[in-house]
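Here's the structure we're looking at; comments come further down.
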Amino acid sequence: MAPNFQDIVEEARLSARALLDYGGQFFNPTVRLGVTGLSRAGKTVFITALIHGLSRGGRFPVFEPFATGRIARAHLEPQPDDAVPRFDYESHVLTLIEERRWPNSTVDISELRLVIDYQRQNGADSTLTLDIVDYPGEWLLDLPLLNKSYEQWSAESLAQSRQPPRAQLAAAWHAHLNALDALGREDEQATLAAAKLFTDYLRACRDERFAMSLLPPGRFLMPGNLAGSPALTFAPLEVALDGQAPERSLWAMMARRYEAYKDIVVRPFFRDHFARLDRQIVLVDALAAFNSGPEALHDLEAALEGILDCFRIGRATFISSLFRPRIDRILFAATKADHLHHQSHDRLEAVLRRAVGRAVARAEGTGAEIDVVALAAVRATREAMVARGRDKLPSILGTPTPGEIANGEAFDGHTEVATFPGDLPADAEALFKGDDAFRGLASAAAEKSDFRFLRFRPPLVERNGTEEPSLPHIRLDRALQFLIGDKLQ
Numbered sequence: 013m014a015p016n017f018q019d020i021v022e023e024a025r026l027s028a029r030a031l032l033d034y035g036g037q038f039f040n041p042t043v044r045l046g047v048t049g050l051s052r053a054g055k056t057v058f059i060t061a062l063i064h065g066l067s068r069g070g071r072f073p074v075f076e077p078f079a080t081g082r083i084a085r086a087h088l089e090p091q092p093d094d095a096v097p098r099f100d101y102e103s104h105v106l107t108l109i110e111e112r113r114w115p116n117s118t119v120d121i122s123e124l125r126l127v128i129d130y131q132r133q134n135g136a137d138s139t140l141t142l143d144i145v146d147y148p149g150e151w152l153l154d155l156p157l158l159n160k161s162y163e164q165w166s167a168e169s170l171a172q173s174r175q176p177p178r179a180q181l182a183a184a185w186h187a188h189l190n191a192l193d194a195l196g197r198e199d200e201q202a203t204l205a206a207a208k209l210f211t212d213y214l215r216a217c218r219d220e221r222f223a224m225s226l227l228p229p230g231r232f233l234m235p236g237n238l239a240g241s242p243a244l245t246f247a248p249l250e251v252a253l254d255g256q257a258p259e260r261s262l263w264a265m266m267a268r269r270y271e272a273y274k275d276i277v278v279r280p281f282f283r284d285h286f287a288r289l290d291r292q293i294v295l296v297d298a299l300a301a302f303n304s305g306p307e308a309l310h311d312l313e314a315a316l317e318g319i320l321d322c323f324r325i326g327r328a329t330f331i332s333s334l335f336r337p338r339i340d341r342i343l344f345a346a347t348k349a350d351h352l353h354h355q356s357h358d359r360l361e362a363v364l365r366r367a368v369g370r371a372v373a374r375a376e377g378t379g380a381e382i383d384v385v386a387l388a389a390v391r392a393t394r395e396a397m398v399a400r401g402r403d404k405l406p407s408i409l410g411t412p413t414p415g416e417i418a419n420g421e422a423f424d425g426h427t428e429v430a431t432f433p434g435d436l437p438a439d440a441e442a443l444f445k446g447d448d449a450f451r452g453l454a455s456a457a458a459e460k461s462d463f464r465f466l467r468f469r470p471p472l473v474e475r476n477g478t479e480e481p482s483l484p485h486i487r488l489d490r491a492l493q494f495l496i497g498d499k500l501q
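For the sequence shown, this note's numbering assigns the number 13 to the initial residue and increments by one for each residue that follows.
Listed below in structure tokens is the structure:
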């Protein structure tokens, strides 16, 4: 779609905001780091572990300025955006360490400012301000809606919902859809019913058994204070792609609310938060897709392509900093690497690299740096070799969360167990070869699945005297080195 007047106005606002932000850089060098990922990927844990490790003395041998002692201090300061909720770091630390529970998932945007006092490589003292912006990946997948009409979005959503395994989950919504007359009179009750059934379908797609990732509009699953509003009360219709909605028709009503969703939800998020980011990490729970099956992995691949296409990427220059800020480093991180033996970590990275490969290829030549890592911001397991007959299997030891089930046994949240989750193939491409590449929960019973990854409680962290303990991790320091290491030289 060609840019409209509203898009031009938004670009002017972004340029004005960029000028203000750049002016502040002279006195206070700042990096705005976006942290996102789809539901349950570990965004809250990542931010909590990052701040805790830098401010409390974690073990970061790969993060050069920390390992060489050039970081003198890292401390929290009040965040700059008064309209954005503060990331509740202190509460999340208590939840992890004292209660051994994972913090609640991200359902809204939040922010925190970490100030790092350090010594440059030339010996001069300096300060870097790190503004961490935490936001749901589901919101990111809404950005393509800005370039789609209601009719385009409807056609794409309906086509997608008719593919397995989504088709079975959309049956009730499809039945209601068949009874609607898009050209008929606008009808609030019919619209409410359609929106509810459409939302139920999206929610079912997100269930662990199916683990779908591409589920816009994002606020339908995370409505917040917009729950019940007209901006969240619409659904796709069977309408002509190039047609014109009659006045006061059901079609016109749905299209109007779709546009309201973009105006009220999507554009403000893009303008006020997303377009101002300098660096970005995208956390990916690939293990959830392995648990579910090939369809979930293909859906994850499509979602990651959509996410990367949303970013304004490229090498940051003086001119771009003034008028069109760009993200010049993006890290895709496969989380929960501690749920696999270290022998499979490289293979997990390879799977993620394959999943984002096509999108990364399109980004070549922009000057941006893009990398992939397998990590665990907080390591919940240990490793062991477990005998099975004459064989010894590389296994992991951990405490499953209450209610987790394996081999018919339900765990109580207190018993430590050894599990063998399965080997990832040496060739990542093997997992992407059709809908029968491997067996998951969407098509097989749990005991017949090729992979079964349990959820584990956070580790029991022993205190050393009165000092707050450090949190164990896997490659969190490598992520830090890529994201901000160059800013601390």
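Where is the CB? At the ideal position from N, CA and C, for every residue including glycine.
*Please state whether DSSP places Tyr130 in a helix, a strand or coil.*
By one-based count along the sequence shown, residue 130 stands at place 118. Strand.
*If Val296 sits next to Ala61, beta carbons under 8 Å apart, how far is it from one beta carbon to the other, in whole angstroms?*
Against the sequence shown, residue 296 aligns to sequence position 284. Against the sequence shown, residue 61 aligns to sequence position 49. At roughly 17 Å, the Cβ-Cβ gap does not stay under 8 Å, so Val296 and Ala61 are not in contact.
*Could you name the residues of the same chain whose beta carbon sits closer than 6 Å to that of Leu66, not counting the 5 residues immediately before and after it, in chain order?*
Within the sequence shown, the letter at position 54 stands for residue 66. Excluding sequence neighbours, Leu66 sits near Ala86.
*What did DSSP end up calling Ala422 once you bin it into helix, strand or coil?*
Translated into positions along the sequence shown, residue 422 becomes position 410. Of the three classes helix, strand and coil, the one that applies to Ala422 here is strand, per DSSP.
_His354, DSSP secondary structure in three states_ = Translated into the one-based positions of the sequence shown, residue 354 becomes position 342. In this structure, His354 counts as helix in the three-state DSSP scheme.
*According to the Cβ coordinates, are Val277 and Thr48 closer than 7 Å?*
As a first step, residue 277 must be located in the sequence shown, where it is residue number 265. As a first step, residue 48 must be located in the sequence shown, where it is residue number 36. No. Outside cutoff.
*When you compare only the Cα positions, how much space is there between Gly230 and Asn159?*
Reading the sequence shown from its first residue, position 218 is the one you call residue 230. Reading the sequence shown from its first residue, position 147 is the one you call residue 159. Going from the Cα of Gly230 to the Cα of Asn159 covers about 16 Å.
_For Gln256, the nearest candidate out of Pro176, Arg268 and His310 (CA to CA)_ = As a position in the sequence shown, residue 256 is number 244, starting the count at 1. Looking at the Cα atoms, Arg268 is the closest of the given residues.
*From the DSSP output, in three-state form, read off Gly236 for me.*
Within the sequence shown, residue 236 is the residue found at index 224, counting from 1. Here Gly236 sits in helix by DSSP.
_Span separating the alpha-carbon of Leu140 from that of Phe463_ = Your numbering for residue 140 matches position 128 in the sequence shown. Your numbering for residue 463 matches position 451 in the sequence shown. Near 43 Å, if we compare the C-alpha coordinates of Phe463 and Leu140.
*Residue range of the alpha helix (DSSP H) that includes Ala216*: The residue given as residue 216 occupies position 204 in the sequence shown. From DSSP, the alpha helix (DSSP H) with Ala216 extends over Glu200 to Arg218.
*So what's His87 in DSSP terms, helix, strand or just coil?*
As a working note, residue 87 is residue 75 in the sequence shown. Strand.
*Under 7 Å between the Cβ atoms of Pro1 and Glu307?*
Only positions 13 to 501 of the chain appear in this structure, which leaves residue 1 out of reach.
*asked:* Since Phe423 and Pro433 should fall inside the 8 Å C-beta cutoff, what is the C-beta to C-beta distance between them, to a whole number of angstroms?
replied: Walking along the sequence shown from the start, residue 423 turns up at place 411. Walking along the sequence shown from the start, residue 433 turns up at place 421. Not confirmed; about 15 Å, so no contact.
*Below 7 Å CB to CB, which residues in the same chain sit around Gly236 once its five sequence neighbours on both sides are set aside?*
Indexing the sequence shown from 1 puts residue 236 at position 224. Taken in chain order, the residues that qualify are Val119 and Asp120.
*On the three-state DSSP scale, how would you describe Gln292?*
As a position in the sequence shown, residue 292 is number 280, starting the count at 1. If DSSP states are grouped into helix, strand and coil, Gln292 belongs with the strands.
*Leu209 to Ala298, Cα distance in whole Å?*
Within the sequence shown, residue 209 is the residue found at index 197, counting from 1. Within the sequence shown, residue 298 is the residue found at index 286, counting from 1. Their Cα atoms are separated by approximately 28 Å.
*Please go through the same chain and pick out, in chain order, the residues whose beta-carbon is closer than 6 Å to the beta-carbon of Phe78, but skip the five residues on each side of it.*
Working through the sequence shown from its first residue, we reach residue 78 at position 66. Taken in chain order, the residues that qualify are Phe72.
_Taking 8 Å as the cut-off, does the segment 202-216 touch the segment 177-193 (at least 3 CB pairs, one atom from each stretch)?_
yes
*Secondary structure of Thr56, DSSP reduced to three states*: Position 44 of the sequence shown, counted from the first residue, corresponds to residue 56. It is helical.
_Alpha-carbon spacing of Ile59 relative to Lys460, whole angstroms_ = On the sequence shown, residue 59 is found 47 positions in, with the first residue counted as 1. On the sequence shown, residue 460 is found 448 positions in, with the first residue counted as 1. Rounded to whole angstroms, Ile59 to Lys460 spans 36 Å at the Cα level.
*Is it buried or exposed for Glu111, if we count other Cβ within 10 angstroms and need 16 for buried?*
The count along the sequence shown starts at 1 and reaches residue 111 at position 99. Looking at its Cβ environment, which holds fewer than 16 other Cβ atoms inside 10 Å, Glu111 is exposed.
_Let me confirm a value: His485 is counted as buried when at least 16 other C-beta atoms fall within 10 Å, else exposed. Which label applies?_
For the purposes of this step, residue 485 is taken as the residue at position 473 of the sequence shown. Answer is buried; the Cβ neighbour count reaches 16.
*Given Ser169, which residues of its chain have a CB within under 7 Å of its CB, disregarding the five upstream and five downstream residues?*
For the purposes of this step, residue 169 is taken as residue 157 along the sequence shown, with counting starting at 1. Same-chain partners within the cutoff: Pro248.
*asked:* Tell me the rounded alpha-carbon separation between Asp498 and Leu488.
replied: As a first step, residue 498 is located in the sequence shown; it is residue number 486 there, counting from the start. As a first step, residue 488 is located in the sequence shown; it is residue number 476 there, counting from the start. Roughly 16 Å between the two C-alpha positions.
*Which class does Ala328 belong to by DSSP, given the choice of helix, strand or coil?*
Residue 328 sits at position 316 when you count from the first residue of the sequence shown. With a pLDDT of 49 at Ala328, under the threshold of 50, the modelled position of this residue cannot be trusted, and the question is left open.
_Coil, strand or helix - Asp146 by DSSP_ = Position 134 of the sequence shown, counting from 1, holds the residue named residue 146. Note: Asp146 maps to strand in three-state DSSP.
*Proximity of Gly415 and Ala392 at Cβ, strictly below 7 Å*: Position 403 of the sequence shown holds residue 415. Position 380 of the sequence shown holds residue 392. No, the pair does not count as a contact, with Cβ atoms beyond the cut-off.
*Can you give me the start and stop residues for the beta strand (DSSP E) that Asp311 sits inside?*
By 1-based counting over the sequence shown, the position of residue 311 is 299. Segment Pro306 to Cys322 is the alpha helix (DSSP H) holding Asp311; no beta strand (DSSP E) there.
*Got a sec? Which residues, its chain only, sit under 6 Å from Thr329 by beta carbon, not counting five neighbours each side?*
Against the sequence shown, residue 329 aligns to sequence position 317. Below a pLDDT of 50, predicted positions are generally treated as unreliable, and Thr329, at 43, falls in that range; no measurement from the model is reported.
*So what does Ala264 bridge to, in DSSP terms?*
On the sequence shown, residue 264 is found 252 positions in, with the first residue counted as 1. For Ala264, which the question treats as bridged, DSSP gives no partner whatsoever.
_Considering Cα atoms alone, identify which of Thr80, Ser103 and Lys274 is closest to Pro156._
As a working note, residue 156 is residue 144 in the sequence shown. Considering only alpha carbons, the answer is Lys274.
_Span of the beta strand (DSSP E) around Ala396_ = For the purposes of this step, residue 396 is taken as residue 384 along the sequence shown, with counting starting at 1. Taken as a continuous stretch (DSSP letters only), the beta strand (DSSP E) holding Ala396 covers Arg394 to Arg400.
_If contact is defined by three or more beta carbon pairs under 8 Å, each pair taking one atom from either stretch, is the segment 448-456 in contact with the segment 355-371?_
no
_Taking 7 Å as the threshold (C-beta atoms), are His353 and Pro406 in contact?_
Taking the sequence shown and counting its residues from 1, the one referred to as residue 406 is at position 394. Taking the sequence shown and counting its residues from 1, the one referred to as residue 353 is at position 341. Result yes, Cβ atoms of Pro406 and His353 sit closer than 7 Å.
*Please go through the same chain and pick out, in chain order, the residues whose beta-carbon is closer than 6 Å to the beta-carbon of Arg260, but skip the five residues on each side of it.*
For this step, residue 260 is matched to residue 248 along the sequence shown. These residues qualify, in order along the chain: Glu198.
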